[in-house]
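The structure appears right after this line, and notes come after that.
Numbering (the numbering used here), first residue to last: 9 to 159.
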């Protein structure tokens, strides 16, 4: 699960949480509320009664497991690696006999929600190199198989 941004942290936390004004890592996260973590009205958030460390008591709201991030220097969980960029459309072939294979690669490389847009882009690219009749014929053959395959 990715770590929340500052705005997401403020939106997810309650008014008694140090996450309203402090970044992740600047406060501890406890497993649950309790008498050892009272609300400090002067500070505007809960603090550990013994250490005075700002403490959140709802780990599910801040998106990190309970730990002593501020008081003991426990490192925050690593942010997940960013998702790889979507693959680029394959190179448009020069040979018209490879047009169907190219269209299949475009269709299979796209997500279901973006299939229509990917095929419209592919059609426009193909029309820059091939006669409209060849492009339409290849699209018909490919769509007959690919659309049925996705059901």
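Where a beta carbon is used, it is the ideal one built from N, C-alpha and C, also for glycine. Keep in mind the model is a prediction, meaning the values are calculated, not measured.
Assuming residue 62 and residue 30 make a contact with CB atoms under 8 angstroms, what is their CB distance in whole Å?
Contact holds; Cβ gap of about 6 angstroms.
With 16 other CB atoms within 10 Å as the buried threshold, where does residue 54 fall?
So residue 54 counts as buried.
Name the two residues that bound the continuous alpha helix (DSSP H) containing residue 119.
Element bounds for residue 119: n/a, residue is neither H nor E.
Measure the CB-CB distance between residue 70 and residue 20 and report whether it falls below 9 angstroms.
The criterion of a C-beta distance shorter than 9 angstroms is satisfied by residue 70 and residue 20.
On the three-pair Cβ rule with 8 angstroms, is the segment 76 to 92 touching the segment 121 to 134?
In short, these stretches do not touch, since the Cβ pair count stays below three.
Presumed contact (8 angstroms Cβ cut-off) between residue 35 and residue 78, rounded CB distance:
Rounded, the Cβ-Cβ distance is 5 angstroms, consistent with contact.
Exposed or buried, residue 27, counting other C-beta atoms within 10 Å across all chains shown (16 or more means buried)?
With 16 or more Cβ atoms within 10 Å of its Cβ, residue 27 is classed as buried.
Tell me the DSSP secondary structure of residue 162 in three-state form.
This structure gives no information on residue 162, because the portion of the chain shown stretches from 9 to 159.
Could you name the residues of the same chain whose beta carbon sits closer than 6 angstroms to that of residue 142, not counting the 5 residues immediately before and after it, in chain order?
The answer, listed in chain order, is 104.
Apply the 10 Å Cβ neighbour rule to residue 50 and answer buried if 16 or more other Cβ atoms are within range, or exposed otherwise.
So residue 50 ends up on the exposed side.
Taking 9 angstroms as the cut-off, decide whether the C-beta atoms of residue 66 and residue 25 are in contact.
Taking 9 angstroms as the Cβ cut-off, residue 66 and residue 25 qualify as a contacting pair.
Three-way DSSP call (helix, strand, coil) for residue 85 in this model:
Residue 85 falls in the coil class under three-state DSSP.
Alpha carbon of residue 100 to alpha carbon of residue 18, nearest angstrom
Those two C-alpha atoms are separated by around 48 angstroms.
Roughly how many whole angstroms lie between the Cα atoms of residue 120 and residue 135?
Approximately 23 angstroms between the Cα atoms of the pair.
Based on DSSP bridge pairs, tell me the residues matched to residue 54.
In DSSP, residue 54 forms a bridge with 47.
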